[in-house]
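Each residue of the sequence shown is one higher than the last, beginning at 1 in the UniProt record's numbering. Have a look at the structure below, then the notes.
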Amino acid sequence: MDNFLALTLSGTTPRVTQGKGAGFRWRWLGHGLLEVTPGAPVDRAVRLS
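Structure representation (structure tokens):
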């Protein structure tokens with residue numbers, strides 16, 4: 001997800017709303033809401049805000 005902050009502040013919905021990164025998947029849920037899911041099972045959690 002490139003320019004997440006810029007898209008959120010401008011109220012623009014990205015053309016691509018889901019994808020994969022190095023070891024994770026991401027999904028745009030709405031303005032300011034980005035779901036990031038690990039690609040493999042993990043025993044810890046991280047909350048980003």
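Beta carbons: idealized from backbone N, C-alpha and C, even for Gly. The structure displayed is predicted, hence computed values, not measured ones.
What is the rounded straight-line gap between the Cα of residue i and the Cα of residue j?
i     : j     : result
Gly32 : Thr8  : 5 Å
Val46 : Glu35 : 12 Å
Arg15 : Trp28 : 10 Å
Thr12 : Ala40 : 31 Å
Gly19 : Gly30 : 15 Å
Arg44 : Gly23 : 14 Å
Thr17 : Val42 : 24 Å
Ser10 : Asp2  : 14 Å
So which of the options has the shortest CA-CA distance to residue i?
i     : options                   : result
Gly21 : Ser10, Pro38, Arg44, Ala6 : Pro38
request  = Would you mind listing the beta strand (DSSP E) stretches within the stretch 7 to 33 that are 3+ residues and don't spill past its ends, in chain order?
outcome  = Within the stretch 7 to 33, the complete beta strand (DSSP E) runs of at least 3 residues are 18 to 21, 24 to 30.
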